[in-house]
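Numbering (the working numbering) for the sequence shown: 422 to 702.
Heads up: the structure comes next, in structure tokens.
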Amino acid sequence: MTDRTERRDRGTLYIVSLPIGNLADITLRAISTLRAVDLIIAEDTRTTKRILNRYRIKTPFYSSLYQGVEQRRVEAIIGLLQGGKDLALVSDAGTPLISDPGYPLVRAAIEGGFRVVPIPGPTAAIAALVSSGLPTDRFAFFGAVPRRPGERRRFFERIRREEKTSIVHPSPHRLEATLATIAEILPERRLVLARELTKVHEEFLRGTAEAIRGMLAEGVRKGECILIIEGGGGSDGSEVARRTASILMAEGVPKRAILRALTSGLGVSRNEAYALIHPPD
């Protein structure tokens, strides 16, 4: 941090990571940065206030920056940086911009030539990934699962073709519907549901989508969650499906049985399996 007595003409935007649940997970650097900046820009000031009170941080808020208002507040915030104010951007939990607001502001700050400094810390997606038991050498983050059924299906159809381990944010209120869609499109794929990370009721549920649905049979539980999804075979997997369909058809296996083998056995979507069994003329 720049000492207040040696203020530069232009301010700095600090992207500060906060705990994802357990308030003890905050870093010393995050605390010192939040104390030293001029203003804090929070996703929800009420949520952030709990952390500030815990660590006796007296820095005032500028304004909230949530999804519905962030575009129209960027210009005013850039004005503060131009006036030499140092600002800290925080989200309700974890690292800003990861499924949270802040991207338009960071882009505008960079384009305006201001310093953008990350203050690293917890991220729910990475915490879930490294505890999942699924491959971590290559992974893709897909963000929030769509609300509407049709969009949700297309979302997981894209993930079905992904070779890397996939990370998604399902809504706890639509977790049952999300698992049902995955069970249909990715029936054999291994999943890990990480719930309430770093909190008292933290848990990891592992298995196929159908198996996890069974674990939740008593009712969808509340609390934030992350889903880690095993990667598929990509182009190799598609080739295996094509060859399997070709061999089974050559052997005279009924098309309905081939369809079931491709969807249930190889995790091929029903549409792709149908196309393999009924190639265009």
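Beta carbons are placed, not taken as given, at the ideal position from N, Cα and C, and that holds for glycine.
Asked, Found
"Roughly how many angstroms lie between the CA atoms of E693 and R663, to the nearest whole one?", "10 Å"
"Who are the near neighbours of G655 in its chain, counting only those whose CB is closer than 7 Å to its CB and skipping five residues on each side?", "For G655, the pLDDT reaches just 48, beneath the cut-off of 50, and the residue's location in the model is therefore unreliable, although a value from the coordinates is still provided. Excluding sequence neighbours, G655 sits near R582 and E584."
"Across which residues does DSSP place V527 in a beta bridge pair?", "Looking at the DSSP assignment, V527 forms no beta bridge with any residue, so it has no partner."
"Roughly how many whole angstroms lie between the Cα atoms of E491 and E464?", "9 Å"
"Excluding the 5 residues flanking F577 on each side, which residues of the same chain have their C-beta closer than 7 Å to its C-beta?", "T602, I603, I606 and L607"
"So is A451 buried or exposed if we call it buried at 16+ other beta carbons inside 10 Å?", "buried"
"Quick one: give me the first and last residue of the alpha helix (DSSP H) that S485 is part of.", "Where S485 is concerned, there is no enclosing alpha helix (DSSP H), although the beta strand (DSSP E) it sits in stretches over F482 to S485."
"Is it the case that the Cβ atoms of R627 and L614 are separated by a distance below 9 Å?", "yes"
"Applying the criterion that 16 or more other CB atoms from any shown protein chain within 10 Å of the CB defines a buried residue, is E651 buried or exposed?", "buried"
"My output table needs one value for V591: the three-state DSSP class, helix, strand or coil.", "Correcting the residue identity first, residue 591 is Pro in this sequence and not Val. In the structure shown, P591 sits in coil (DSSP, three-state: anything other than H, G, I, E or B)."
"Which runs of the alpha helix (DSSP H) spanning at least 4 residues fall entirely within the region 547-630, listed in chain order?", "570-581 and 596-606"
"Closest by CA to R568, which one among P556, P591, C646 and A549?", "P591"
"I'd like to know whether the C-beta atoms of A666 and I649 end up nearer to each other than 9 Å.", "no"
"By how many angstroms is the C-alpha of F625 removed from the C-alpha of M636?", "11 Å"
"Could you tell me which uninterrupted alpha helix (DSSP H) segments, each at least 4 residues in length, are contained entirely in the region 453-539, listed from first to last along the chain?", "466-475, 491-503 and 524-532"
"Pop quiz: S485 and T466 are said to be a contact at Cβ under 8 Å. What is the actual Cβ separation, rounded to whole angstroms?", "5 Å"
"What's the gap between the Cα of G505 and the Cα of K479?", "20 Å"
"In three-state terms, what does DSSP make of T665?", "helix"
"CB-CB under 6 Å to Q523, same chain, minus the five flanking residues each way: which ones, in chain order?", "Before going on, a small fix: residue 523 reads as Gly here, not Gln. Counting only Cβ-Cβ distances below 6 Å, and skipping sequence neighbours, we find L510 and P517."
"Measuring alpha carbon to alpha carbon, tell me which of I698, E496, A530 and G432 ends up nearest K673.", "For the record, residue 673 in the displayed sequence is Gly; it is not Lys. The candidate whose alpha carbon is nearest that of G673 is I698."
"What did DSSP end up calling L680 once you bin it into helix, strand or coil?", "helix"
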